[in-house]
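Peer 1: If you count the sequence shown from 1, position 35 lands on 35 in UniProt numbering, and the numbers rise without skipping.
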Amino acid sequence: MSVENLHEVLHTQSYANDNDIYQQVLPRWEKWYSDWEKTLGFDHQLTLRSLSNLTASLCFAGEWEAVREIHQHMLSTKEKTLGADHPSTESSREL
Numbered sequence: 001m002s003v004e005n006l007h008e009v010l011h012t013q014s015y016a017n018d019n020d021i022y023q024q025v026l027p028r029w030e031k032w033y034s035d036w037e038k039t040l041g042f043d044h045q046l047t048l049r050s051l052s053n054l055t056a057s058l059c060f061a062g063e064w065e066a067v068r069e070i071h072q073h074m075l076s077t078k079e080k081t082l083g084a085d086h087p088s089t090e091s092s093r094e095l
């Protein structure tokens, strides 16, 4: 699966196949997040966006414990770096 069609695949598959698809793409999201974190730092907006994508994939894959841990870390980091009233922070808080 290429990066170009990743978005299309993630959004066009039926829910019955979502778990399998997200399990397949999790290693990619994890690598992208790791790369951004190493390159830009844990508090950079692109790193946080990548972490959000990883969290969404973990959620769809049913990895609830990992979702809780990562979400709390992400929300805390967004509050510190972007501010409590930033739209990205607010949308993370609503999850």
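Here a beta-carbon is modelled for each residue, glycine too, at the ideal position from N, C-alpha and C. Source: prediction; values computed, not measured.
Grab the span of the alpha helix (DSSP H) containing alanine 66 for me, first residue to last.
Peer 2: 64 to 81
Peer 1: For serine 92, I'd like the list of residues in its chain whose CB is within less than 8 Å of its CB, leaving aside the five on either flank, ordered along the chain.
Peer 2: Ser52, His71, Met74, Leu75 and Lys78
Peer 1: Taking its Cβ as the centre, do 16 or more other Cβ atoms sit within 10 Å of serine 57, making it buried, or is it exposed?
Peer 2: It counts as buried.
Peer 1: If you compare alpha carbons, which of Trp64, Glu37 and Asp85 is closest to arginine 49?
Peer 2: Glu37
Peer 1: Less than 7 Å between C-beta atoms, sequence neighbours within five positions excluded: which residues of the same chain meet that for glutamine 23?
Peer 2: If the five residues before and after glutamine 23 are omitted, its C-beta is found closer than 7 Å to the C-beta atoms of Ala61, all from its own chain and listed in chain order.
Peer 1: With a Cβ-Cβ cutoff of 8 Å, do glutamate 30 and leucine 54 count as a contact?
Peer 2: yes
Peer 1: Please report how far the alpha carbon of methionine 1 lies from the alpha carbon of aspartate 20, in whole angstroms.
Peer 2: Residue confidence for methionine 1 is low, a pLDDT of 43 falling below 50, so the modelled location carries little weight; the figure read from the coordinates is stated next. About 13 Å.
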